[in-house]
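From first to last, the protein sequence lines stand for chains Y and P.
Heads up, the first sequence is in this note's numbering, so the first residue is 1 and it goes up one at a time.
Heads up, the second sequence is in this note's numbering, so the first residue is 1001 and it goes up one at a time.
The beta carbon of each residue, even a glycine, is placed where N, CA and C say it ideally should be.
Computed from a predicted structure; not experimentally measured.
Okay, structure first, notes after.
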Amino acid sequence: MEFEPVIGLEVHAQLRSDSKIFCSCSTQFGAGPNTHTCPVCLGMPGVLPILNRKVVEFTIKMALATHCRINRENSFARKNYFYPDLPKGYQISQYAYPLAEAGGIEVEGDENRKCIGITRIHMEEDAGKLIHDEHFPASYVDLNRTGVPLIEIVSEPDIRSAEEAAAYLRRIHEILVYLEICDGNMEEGSFRCDANVSLRPRGQEEFGTRAELKNMNSFRNVQRALEYEIKRQQYVLEAGGEVIQETRLWDDAQGVTISMRGKEEAHDYRYFPDPDLVTIVISDAWIEEIRGTMPELPLEKRERFLRDYQIPPYDAGVLTASRALADYYEEVVRLCGQPKVASNWVMGDILRFLKEDKRDIRDCPIPAASLAEMIRLIEDGAISGKMAKEVSEEMYRTGKPPQTVITEKGLVQITDAGALAAVIAEIMAANPTQLAQYRGGKDKLFGFFVGQVMKATQGKANPQLINDLLKKMLP
Amino acid sequence: MELYSLTIHELQEKLRAGEVTAAEILASVYQRIDRVEDKVHAYITLMRESAQAQAAAADAAIRSGDIRALTGIPIALKDIYCVQGFTTTCGSRILHNFVPPYDATVVAKLRDAGAVFTGKANMDEFAMGSSTETSYFGDTRNPWDLTRIPGGSSGGSAAAVAADECIAALGSDTGGSIRQPAALCGVVGLKPTYGRVSRFGLVAFASSLDQIGPFTKDVEDCAILMNVIAGYDPRESTSVNLEVPDYRSFLSRGIAGLRIGIPREYFIAGIDPEILTSVRQAIGTLEKAGAKCVDISLPHTEYCLAVYYIVAPAEASSNLARYDGVKYGFRSEEGRDLLDMYKRSRSAGFGDEVKKRIIIGTYVLSSGYYDAYYKKASQVRALIRRDFDEAFQKCDLIATPTSPTAAFHIGEKTDDPMQMYLSDIFTISANMAGIPGISIPCGFTGDGLPIGLQFLGGHFQEGTLIQAAAAYEKTAGMAALMARQKQAKMNF
């Protein structure tokens, strides 16, 4: 029997607000344990939460970007459970009345574009962290992360393969980063994902029993974990067994998912409306104000690049991977007027340099204006493409503009036809044998003469000019 | 006349006139505390030294001409408010050693107004109780009869004011915890509108019901304290940003023309006949003074207690989850693992009444029971609120007994929770509806125990309550009666 996977994803994204969701403590990552805390996020007796307006604004942005319906009135609930990283003994989250519902995004699927539905987006607070001593039987609690704002983005079970899941995640990630509401750092836990996966016989409407997968901290791991889990469930079903509804942890080292807890041990979170917080009322005016500040989103930008710059889809994809890169590229094009050449340089040398140094485009030592000027110099024939490679490397190393680099390195191309003709005449005189062979019909030797000219001019001669002159003088 | 027996406004006159100093007032209050505290046990923690420093600062301020609303006035705080640097126990073992690093908003406001803090008053554990008998730190006695309870949960605050162990006090009221002990101790107690006084720094019991309010010797003092503590607090989301009137301006407006609603559901069998008689007499006095009485109905009254014992425990079960032995307060050292540590810490840290309510609250919020209990209770609560909205179309305020009985004996109801819970039958509705209520003394039983008269008002109508209470107090000559009774009965 052929099985079809049914996958839904839950993404937790930390929002980049300066302060926490219910107090004014900093959200900065990496500070000393418990230094970014106050009585409110420590859950001391008597403290009360005050909602950070920025968090609502950021969530509205995500809702708009994913075409969700924004609930004009929404509210917080308490999710009750005991754990040392949860100082109040409950997490403030949204339950019955989330901020946004019923949206979706387009994802490049296996064959063509496909819409993945988004069930809901809601705001909540993050929990702290436990640090377990390796040498001593003790655990420590760091509550810096407690109260850092999160949004949970829950997809519909519309995803049908591990690859599609990865594509969806990349899109969500890209949108969050584009909106500048999440730094998207998966290692630091700013972007986390859980997956629900089940199988059903192809053609069957009804869903199978699902497993929830946790602990996948990269796109690659999400894909690997899903691929493993799909196979695992397939073996279980093919052997006539039943999939158990349970939570399974991805074990990266072993490449398997491991059962964590079954349904019978499932928590009863005893959700109820948080009496300390009032209903959040979102006006149309506020939504419109936020809409006005929305940047162009990756998919729209990609389409515009294809349309306006006539570059291949692959190039458009790479160049719009981040807002900063797209902005850089567009600035280069604006100044040099050559979209495809600019794309080649940005995607080729620039991204390679940055990757080698693990640098962001925002920290690129070559300003867009310099790259554009260099492209213009190639176009004008002032330098050859080969020289330009050397120029760009030097520009990256020193940050100097192309003209300075060219002057300093003496890289100016010889474009004086008279001077070049003299050089060619000398070469012809010095290589009579080859000249005779060429004239006798051995056309291949044309390249030999080009090489000799380049050698004599230390590569500074304009290749086109060499070609033209040789064709005139050799016969 | 000893200084400790005076009111805020009387002492203020003397302070302004330079007849007394804040230090002398405090010394007088502490002299009283030293004499009666071991009998009454109104306090969990005394703040003698810091009070002396505050009094000295008050005297310096007075000399420099900086006299504020409460400069030099000794005030007791229910041990439910966080006071920076002072143990805040909430009457519980689980917080027996908790020292808050911050002041509650009301505490900061009192501080700013120049008040002197005498100490932290005893209370039922986490404000769960009607007699102050559930306190981990022992019970408080009613100063009118030391074999009886002072009411609760703010029993320590009420007893401290009645026994002159402070000039005034603050309490908190979740289901009558200010008004009922005020009635049983013969003092004035006001529960403001939900959202009128900041809850920030008040250790939460039931967040949608809790409200802070004053205990005072007379209505004028009540207005003085309300002027200080009422107002919007940006640190509380449920705080209401509405202008605060000068409550003193209501004191001499008289009662003529006010329509007083008499809810038939509050004058029923089961009330102590002496109380019924006294409250009816008080209403008669008001009518004579020009008030107009109207018969009203609050049809959902019979559900108040049931709804309260779902909503309050539900919220409490969540609010008290933070006391887990991890961060502060009591932790059992015998835990074998995390879960065991939680169980042992909470089992030993909480008393029986608190545990009972946590269990009830956990149950009513559980999956499969939520709709039948919590959700249904929330719906009925909306009906109770509507009852009041409709009633206040017909009247300006409502008069009822505060409590169905006068102070009962220590231990009398501890084994009968239903009887205990019925103590709050007339006070809980105001918390359900979020409206203000005041209890003022209106007489004494044959045994010489105080009886309380309750006025309920519409949202943010504290001024009207103060107006009616002041008018009654004056017309009935309560000050003189109280002084005579105290002389006769409270001779310890």
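Beyond the five residues adjoining it in sequence on each side, P:Tyr-1030 comes within less than 8 Å, by CB distance, of Arg-1048, Ala-1051 and Thr-1118 in the same chain, given in chain order. In this structure, P:Ile-1080 is the residue among P:Leu-1110, P:Asp-1112 and P:Ile-1080 with its C-alpha nearest to the C-alpha of P:Pro-1100. When CB distances to chain P are screened at a threshold of 8 Å, the residues of the segment 69-99 of chain Y falling below it are Arg-78, Asn-80, Phe-82, Pro-84, Pro-87, Lys-88, Gly-89 and Tyr-90, in chain order. The beta carbon of P:Ala-1159 sits closer than 6 Å to the beta carbons of Val-1040, Ala-1042, Thr-1140, Pro-1143, Pro-1150 and Cys-1185 from its chain, once the five residues preceding and following it are set aside; these are given in chain order. Residues of chain Y with a Cβ closer than 9 Å to the Cβ of P:Arg-1235 are, in chain order, Val-40, Val-47, Leu-48 and Ile-50. Sequence-distant partners of Y:Lys-54 (beyond 5 residues in either direction) whose C-beta falls short of 6 Å from its own C-beta, in its chain, are Ser-17. Residues of chain P with a Cβ closer than 7 Å to the Cβ of Y:Leu-277 are, in chain order, Ser-1237. About 6 Å separates the Cβ atoms of P:Pro-1404 and P:Gly-1270, confirming a contact at the 8 Å cut-off. Sequence-ordered contacts of the segment 1086-1106 of chain P with chain Y read Thr-1088, Cys-1090, Leu-1095, Phe-1098, Pro-1100, Pro-1101, Tyr-1102 and Ala-1104 [C-beta pairs closer than 9 Å]. Going by beta carbons, Y:Asn-71 and Y:Ile-21 fall outside the 8 Å limit. Here Y:Pro-401 is near Y:Glu-373, since their CB atoms are less than 8 Å apart.
For P:Ile-1262, the uninterrupted beta strand (DSSP E) run begins and ends at 1259-1263, by DSSP. By the neighbour-count definition (other C-beta atoms within 10 Å, threshold 16), Y:Ile-258 is an exposed residue. Comparing alpha carbon positions, the residue from Y:Ala-31, Y:Gln-28 and Y:Pro-49 closest to Y:Val-278 is Y:Pro-49. Excluding the 5 residues flanking it on each side, P:Ala-1204 has same chain C-beta neighbours closer than 7 Å at Asp-1210 and Asn-1319, in chain order. Contact of Y:Phe-29 with chain P is not assigned, every C-beta pair being separated by 8 Å or more.
Residue contact with chain Y for P:Tyr-1373: absent (no Cβ-Cβ distance below 8 Å to any residue of chain Y). Comparing alpha-carbon positions, the option among Y:Thr-35, Y:His-67, Y:Ile-383 and Y:Glu-227 lying closest to Y:Val-405 turns out to be Y:Ile-383.
Taking a 10 Å sphere around the C-beta of Y:Thr-35, we find fewer than 16 other C-beta atoms and assign the residue as exposed.
For the segment 1322-1333 of chain P, the set of positions with a beta-carbon nearer than 9 Å to some beta-carbon of chain Y reads Arg-1322, Tyr-1323, Asp-1324, Val-1326, Lys-1327, Tyr-1328 and Gly-1329 in chain order.
As computed with DSSP, P:Tyr-1081 is found in a beta bridge with P:Leu-1202. Taking a cut-off of 8 Å for Cβ pairs, the segment 1286-1303 of chain P and the segment 1340-1351 of chain P do not touch, as fewer than three such pairs fall below it. Per the DSSP secondary-structure output, Y:His-132 pairs in a beta bridge with Y:Ser-139. The C-beta separation of Y:Cys-23 from Y:Gly-147 comes to about 6 Å, placing the pair in contact by the 8 Å criterion.
Below the 7 Å Cβ cutoff, chain Y contributes Pro-275 as neighbours of P:Glu-1315, in chain order.
For a Cβ distance threshold of 8 Å, residue set Asp-268 and Arg-270 of chain Y lies close to P:Ser-1366, ordered along the chain. Contact check for P:Gln-1467 against P:Pro-1401 fails: the beta carbons are separated by 8 Å or more. If you look at P:Leu-1026, you'll find it in the alpha helix (DSSP H) that goes 1022-1040. For Y:Val-141, the chain P residues whose Cβ falls inside 9 Å of its Cβ are Val-1326 and Lys-1327, in order along the chain.
With its beta carbon at least 8 Å from every one in chain P, Y:Met-260 lies outside the interface. No Cβ-Cβ contact shorter than 8 Å links Y:Gly-8 with Y:Thr-66. A direct Cα-to-Cα measurement between P:Asp-1272 and Y:Ser-139 gives close to 58 Å.
Secondary structure remark: continuous beta strand (DSSP E) runs of at least 3 residues inside the segment 209-282 of chain Y, in chain order: 211-216, 246-251 and 256-262. The C-alpha of P:Ser-1135 lies about 10 Å from the C-alpha of P:Gly-1152.
Residues of chain Y whose Cβ lies closer than 9 Å to the Cβ of P:Leu-1338 are, in chain order, Phe-82, Tyr-83, Pro-84 and Ser-139. By the neighbour-count criterion, in which a residue is buried when 16 or more other Cβ atoms sit within 10 angstroms of its Cβ, P:His-1409 is exposed.
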